[in-house]
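Below is one structure; the comments refer to it alone.
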Amino acid sequence: MTTEHVLTLNEDNFDEAINASSLPILVDFWASWCQPCRVVAPRLSELAEELGGRAVVGKVDVDDSGDLANRFGVRSVPTLVLFKDGAVVDQLIGAAPKDDIRRLIEKHLS
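Here our numbering runs 314 ahead of the position in the sequence shown, where the first position is 1.
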């Protein structure tokens with residue numbers, strides 16, 4: 315479910331990746347059994363490539379990293395959470411169209 319342009323995040327590397335990034339990071343909280351997550355995955359891969367150098371896309375498997383999902387109040391997958399300067403700045407729940415996801419990211423680009 316990931317490509318070379320999408321970071322795989324988990325409880326071991328999440329905080330470091332979020333806090334070290336000078337770019338906004340869109341994190342997809344997903345699960346392998348979730349059909350809407352499978353719909354969103356290629357959209358996120360495309361956006362990761364298209365926005366390279368301006369934003370980062372990462373994925374957290376909620377089944378493997380349940381503590382992260384709980385920490386950010388994820389109750390439904392897919393949930394897209396946008397981090398900027400280490401803090402949550404926006405989120406989107408559900409299988410959103412690519413243009414909606416792009417707008418979510420672009421309104422936080424500086």
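Where a beta carbon is used, it is the ideal one built from N, C-alpha and C, also for glycine.
Compare the Cα-Cα distances from residue i to each of the options and report the closest residue.
i, options, result
"Trp344", "Lys421, Val402, Gly400, Gly380", "Gly380"
"Leu340", "Asn384, Asp378, Val354", "Val354"
"Asp430", "Val376, Glu420, Asn327", "Outside the shown range of the chain, which is 315 to 424, sits residue 430, and nothing can be said about it."
"Asp326", "Ala410, Pro411, Asp378", "Asp378"
"Ala410", "Thr322, Pro338, Gly367, Gln349", "Gln349"
"Lys373", "Leu396, Leu365, Glu364", "Leu396"
"His422", "Leu337, Arg389, Lys412", "Leu337"
"Lys398", "Asp375, Leu418, Arg352, Thr322", "Leu418"
"Cys351", "Asn384, Gly366, Val376, Arg385", "Val376"
Since residue i is in the beta strand (DSSP E), which residue starts that stretch and which ends it?
i, result
"Asp342", "339 to 344"
"Asp329", "No beta strand (DSSP E) contains Asp329, which is instead part of the alpha helix (DSSP H) from 328 to 334."
"Val391", "Neither: Val391 is in no beta strand (DSSP E) and is coded neither H nor E."
"Leu321", "320 to 323"
Whole-angstrom Cβ separation of residue i and residue j, contact assumed at under 8 Å?
i, j, result
"Ile415", "Leu361", "6 Å"
"His319", "Ser346", "Contact flag wrong, Cβ pair sits at about 20 Å."
"Ile332", "Gly400", "6 Å"
"Asp342", "Leu394", "6 Å"
"Arg357", "Lys412", "4 Å"
"Ile407", "Ser390", "6 Å"
"Leu321", "Val370", "6 Å"
Where do the ends of the alpha helix (DSSP H) carrying residue i lie?
i, result
"Asp378", "Segment: none, Asp378 is in no alpha helix (DSSP H) and carries neither H nor E."
"Leu361", "349 to 364"
Quick check for students: name the residue ranges of the beta strand (DSSP E) that lie wholly in the segment 394 to 418, counting only runs of 3 or more. 401 to 407
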